[in-house]
Amino acid sequence: MKRYLMITKKHLAAGILALAGLIILVLIAGPLEHIAVPAASYTPAWSFDRARQLPIYGVATEKKQLAITFNAAWEADDIPALLALLKQQDVVSTFFLVGQWAEKNPREAKLIAEAGHEIGNHSYAHPDMTKLTASQIEADITKADAVIQQATGVFPKYFRAPSGSYNDTVIELAKKLNHIPVQWTIDSLDWKKPSPDEIATRVLKEADNGSIILFHTAIENTRTALPGIIASLRKQGYSFVKVSELIYTGDYTIDYQGIQHTR
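Per UniProt numbering, the sequence shown starts with residue 1, numbered consecutively.
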């Protein structure tokens, strides 16, 4: 599922009406400095003068490159088979590990890193971070860092919010803790356990330059669908890279849809 941030027609209409009313008020009452404006009693969810903090959802690029990513939060029995499949297909990917998963399955976590795949942080306990305090968010991310690094031997540079749920505080703290927040462009929805054909159809329909594709470990139909997806995308000229090889690390901007652009 593409997660795009939009201004609804209702909000846009309300903004236009408010602006029109303000113009009329200025014409009647004179310059703005003479108009008493009460302090806002709420914080708007979106405004023109305050952009929301966003993770990277995808990359604007002319290169036919895609990043396959996996969230690991459930069982670990499938990891050897999944790694063997990726090796057979000559595909490198990025795995976002839940700290509790890595703590419970350090052998499998290490196998992922040793196979040459990139490691990311997917929180420690997979909470809804928008419901946590800043100190709780920081504690969770930090604990996941320690557990994942102990299991894999590498610091998980990239951070993915659990269930894709985040706010400005989550993103700001992730950056403060030396992470680059990354979401996804294409959600395979494999966690709903669709058929392999349904997974493939969804991914292939939405694939584009700079896409970040989300899969999950511990789902048999995902492993079944992957060879066909990879073959079809390669026929279209796509190559598969790690998140670190896809995103821009220099001077860049992120638009309102979370798409990264180089300046």
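Positions of the beta carbon are idealized from the N, C-alpha and C atoms, including for glycine.
Every value quoted in this text rests on a predicted model; they were computed, and no experiment measured them.
Excluding its 5 nearest sequence neighbours in each direction, K110 has C-beta neighbours in its own chain below 8 Å: A151, T152, G153, listed in chain order. The continuous alpha helix (DSSP H) containing I171 extends over residues 168-176. Less than 9 Å separates the beta-carbon of A144 from that of P156. Judged by their CB atoms, L66 and I254 are not nearer to each other than the 9 Å cut-off.
When rounded, the separation of the alpha-carbon atoms in I212 and L97 is 16 Å. Of all alpha-carbon atoms in W184, L233, N178, the one lying nearest the alpha-carbon of T201 is that of L233.
If only uninterrupted alpha helix (DSSP H) runs of at least 4 residues are considered, those enclosed by the stretch 116-181 are 134-152, 168-176.
Around the C-beta of P181, 16 or more other C-beta atoms lie within 10 Å, and the residue is accordingly described as buried. The C-alpha of H216 is placed about 5 Å away from the C-alpha of F70.
Under the DSSP assignment, L111 falls in the alpha helix (DSSP H) whose first and last residues are 106-114.
In this structure, H117 lies away from K205, with their beta-carbon atoms at least 9 Å apart. A Cβ-Cβ distance of about 7 Å is found for the pair I112 and I79, placing them in contact under the 8 Å criterion. A buried status is given to S123, since no fewer than 16 other beta-carbon atoms sit within 10 Å of its beta-carbon. Nearest in C-alpha terms to G99, of all of A134, I119, S244, is I119. V98 carries a coil assignment under DSSP once its states are collapsed to helix, strand and coil. Nearest in C-alpha terms to P194, of all of R223, P127, A60, Q236, is R223. Taking all protein chains shown into account, G237 has fewer than 16 neighbouring C-beta atoms within 10 Å of its C-beta and is therefore exposed. Residue pairing from DSSP places N71 in a beta bridge opposite F96, H216. In chain order, I199, F215, H216, I219, T222 place their CB closer than 6 Å to the CB of D190, counting only its own chain and leaving out the 5 sequence neighbours on each side. Straight-line spacing of the CA atoms in E62 and N178 works out to 28 Å.
In the three-state reduction of the DSSP assignment, L54 falls in the coil class.
Per DSSP, Q88 is one residue of the alpha helix (DSSP H) stretching across 79-88. Across the set L226, P227, G210, the C-alpha of G210 shows the shortest separation from the C-alpha of Y248.
Per DSSP, reduced to three states, the secondary structure at V59 is strand.
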